[in-house]
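Novice:
Number of protein chains: 2
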Amino acid sequence: MATDLTEAPFTSIPDVFDPACSSRHALELIASKWAMLIISALEEGPMRNAALMRRLGDVSQKMLTQTLKELERNGLVIREDKKTVPPHVEYSLSPVGRSLSETLLVLDRWAETHFGALDAARERYDAERGK
Amino acid sequence: MATDLTEAPFTSIPDVFDPACSSRHALELIASKWAMLIISALEEGPMRNAALMRRLGDVSQKMLTQTLKELERNGLVIREDKKTVPPHVEYSLSPVGRSLSETLLVLDRWAETHFGALDAARERYDAERGK
DNA sequence: TTCTATAGTTACCAAAAGGTGCGTAATTGC
DNA sequence: GCAATTACGCACCTTTTGGTAACTATAGAA
Numbered sequence: 002m003a004t005d006l007t008e009a010p011f012t013s014i015p016d017v018f019d020p021a022c023s024s025r026h027a028l029e030l031i032a033s034k035w036a037m038l039i040i041s042a043l044e045e046g047p048m049r050n051a052a053l054m055r056r057l058g059d060v061s062q063k064m065l066t067q068t069l070k071e072l073e074r075n076g077l078v079i080r081e082d083k084k085t086v087p088p089h090v091e092y093s094l095s096p097v098g099r100s101l102s103e104t105l106l107v108l109d110r111w112a113e114t115h116f117g118a119l120d121a122a123r124e125r126y127d128a129e130r131g132k
Numbered sequence: 002m003a004t005d006l007t008e009a010p011f012t013s014i015p016d017v018f019d020p021a022c023s024s025r026h027a028l029e030l031i032a033s034k035w036a037m038l039i040i041s042a043l044e045e046g047p048m049r050n051a052a053l054m055r056r057l058g059d060v061s062q063k064m065l066t067q068t069l070k071e072l073e074r075n076g077l078v079i080r081e082d083k084k085t086v087p088p089h090v091e092y093s094l095s096p097v098g099r100s101l102s103e104t105l106l107v108l109d110r111w112a113e114t115h116f117g118a119l120d121a122a123r124e125r126y127d128a129e130r131g132k
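Each protein sequence line maps, in turn, to chains A and B. The opening position of the first sequence corresponds to residue 2 in this note's numbering, with each subsequent residue numbered one higher. The opening position of the second sequence corresponds to residue 2 in this note's numbering, with each subsequent residue numbered one higher.
1. Between the region 43-67 of chain A and chain B, which residues of the former have a C-beta closer than 7 Å to a C-beta of the latter?
2. Can you list, in chain order, the residues of its chain whose CB lies under 8 Å from that of residue 64 (chain B), leaving out five sequence neighbours each side?
3. By the three-class DSSP mapping on this structure, what secondary structure does residue 144 (chain A) have?
4. What do you get for residue 25 (chain B), buried or exposed, if any count of 16 or more other CB atoms within 10 angstroms of its CB means buried?
5. If you run the structure through DSSP and keep just helix, strand and coil, what is residue 86 (chain A)?
6. By the three-class DSSP mapping on this structure, what secondary structure does residue 74 (chain A) have?
7. Counting along the chain, where does the alpha helix (DSSP H) carrying residue 29 (chain B) start and finish?
8. Whose C-alpha, out of B:93, B:120, B:128, B:130, is nearest the C-alpha of residue 41 (chain B)?
9. Once you ignore the five residues that flank residue 6 (chain A) on each side, which residues in its own chain have a CB closer than 8 Å to its CB?
10. For residue 88 (chain B), which of B:95, B:20, B:51, B:15 has the nearest alpha-carbon?
11. Buried or exposed for residue 113 (chain B), going by 16 or more other Cβ atoms inside 10 Å?
12. Output needed for residue 81 (chain A): all residues of its chain with C-beta closer than 6 Å, excluding positions within five of it in sequence on either side, in chain order.
13. Please report whether the beta-carbon of residue 90 (chain A) lies at a distance below 9 Å from any beta-carbon of chain B.
14. Under 8 Å, with one C-beta from each stretch per pair, do the region 54-70 of chain A and the region 17-33 of chain B reach the 3-pair mark?
15. Name the two residues that bound the continuous alpha helix (DSSP H) containing residue 14 (chain A).
16. Please list the terminal residues of the continuous alpha helix (DSSP H) segment that includes residue 55 (chain A).
17. With a cut-off of 9 Å, does the C-beta of residue 13 (chain B) fall near any C-beta of chain A?
18. On the DSSP bridge assignment, give the partners of residue 92 (chain B) in chain order.
19. Classify residue 107 (chain A) as helix, strand or coil using the three-state DSSP reduction.
20. Out of curiosity, what's the CA-to-CA distance linking residue 117 (chain B) and residue 32 (chain A)?
21. Let me make sure I understand the geometry here. Which of B:70, B:74, B:126 has the alpha-carbon closest to that of residue 128 (chain A)?
22. Counting contacts by CB-CB distance shorter than 9 Å, is residue 109 (chain A) in contact with chain B?
23. Mind reading off the beta-carbon distance from residue 115 (chain A) to residue 97 (chain B)? Whole number of angstroms is fine, and I expect it under 8 Å.
24. Compare the C-beta of residue 93 (chain B) with all C-beta atoms of chain A and state if any pair is closer than 9 Å.
25. Below 9 Å between beta carbons is the criterion; list the residues of the region 13-35 of chain A that meet it against any residue of chain B, in chain order.
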């Protein structure tokens, strides 16, 4: 019997360009300002809610909680609730999360290195076309 | 006269965690599903509008144009209009864009490598707590 | 007794991202 | 003359993201 070429092969090579591939969902999860910054921040060590808020500078409580929950759900972040009163909750990177943070730090450094070029290009662009 | 410590120093070290720092804006620009995929795709060589749509799989014409314009505005992508009819427009990476694509490809490979772990963690998480 | 501290949750609202469909220009092939 | 082609722009609508403010629990300090 002939191979059915109309269907995807049983095992296919993961491809972020394939909208149906699960790796695409993984990419979408981290393609977010807050997710990137949180993971980068946690690379410096475990942190509590208030410390993360201070580190990120302008995140709202809501977005922080929301993003942390998604990262925990996907196994990138570990949440440890010490179950005390007042509450004491610590967030840290899982091993998978740590494997990601290395790359994200490279991205951070890219931004810190090249933002000047972007600023200049933007100014030139806006000056030429009608502001 | 004493140094005014209430204001940022004249030249400060760029920091993506500082909401006021321009490098933070640079990070936000690329912290987007479409921006990431477009830059990764263009790493394979210059492409026309239709080719990019095919490569990204499920991007709408509107989002593709919109994102390309922002990337061009910030100097990451070069747009070459051959001014023919029917139109022929080619998009390619600028040198700065190419310096970014290297890191983004590492991110793509991370997603393609670890998506299984994320899937498993998500399933576990959803199984434990109320679905 | 009342106030403070911590890490949330919820409801409500505003803004941004994103999708769909329609219109457009002018040359080439039929 | 007519249709197809290509890379959009624009208007309208829905969905997602994000912000604000009010509320929760309870030990310990004042």
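C-beta atoms are modelled at their ideal positions from N, C-alpha and C, and glycine is treated no differently.
Specialist: So, from the listed chains and residues:
1. Hits within the stretch, in order: 56, 57, 58, 59.
2. For residue 64 (chain B), where only same-chain residues beyond five positions count, the Cβ hits under 8 Å are 35.
3. Given that chain A is displayed from residue 2 to residue 132, the structure contains no residue 144 (chain A) and the question cannot be resolved.
4. Buried: at least 16 other Cβ atoms inside 10 Å.
5. If DSSP states are grouped into helix, strand and coil, residue 86 (chain A) belongs with coil.
6. Helix.
7. Residue 29 (chain B): member of the alpha helix (DSSP H) spanning 23-31, first to last residue.
8. The candidate whose alpha carbon is nearest that of residue 41 (chain B) is B:93.
9. Only weak support is given to the placement of residue 6 (chain A): the predicted model assigns it a pLDDT of 43, under 50, and the value that follows is read from those uncertain coordinates. Excluding residues up to 5 positions away in sequence, nothing lies with its Cβ nearer than 8 Å to the Cβ of residue 6 (chain A) in the same chain.
10. Nearest C-alpha to residue 88 (chain B): B:51.
11. Residue 113 (chain B) should be labelled buried.
12. Around residue 81 (chain A): 91.
13. Taking Cβ atoms only, chain B never reaches closer than 9 Å to residue 90 (chain A), which makes this a no.
14. Here the region 54-70 of chain A lies against the region 17-33 of chain B, with 3 or more beta-carbon pairs under 8 Å apart.
15. Note, residue 14 (chain A): premise wrong, no alpha helix (DSSP H); not H, not E.
16. Residues 50-57.
17. By this cut-off, residue 13 (chain B) is not an interface position.
18. Listed as beta-bridge partners of residue 92 (chain B) by DSSP are B:48, B:80.
19. DSSP places residue 107 (chain A) in helix when its eight states are reduced to three.
20. Between residue 117 (chain B) and residue 32 (chain A), the C-alpha separation is close to 18 Å.
21. Residue B:74 is the option with its Cα nearest to residue 128 (chain A).
22. By this cut-off, residue 109 (chain A) is an interface position.
23. Confirmed, about 6 Å.
24. False, the Cβ-Cβ gap to chain A never drops below 9 Å.
25. Per Cβ criterion, the list reads 14, 15, 16, 17, 18, 19, 20, 21, 22, 23, 24, 25, 26, 27, 28, 29, 30, 31, 32, 33, 34, 35.
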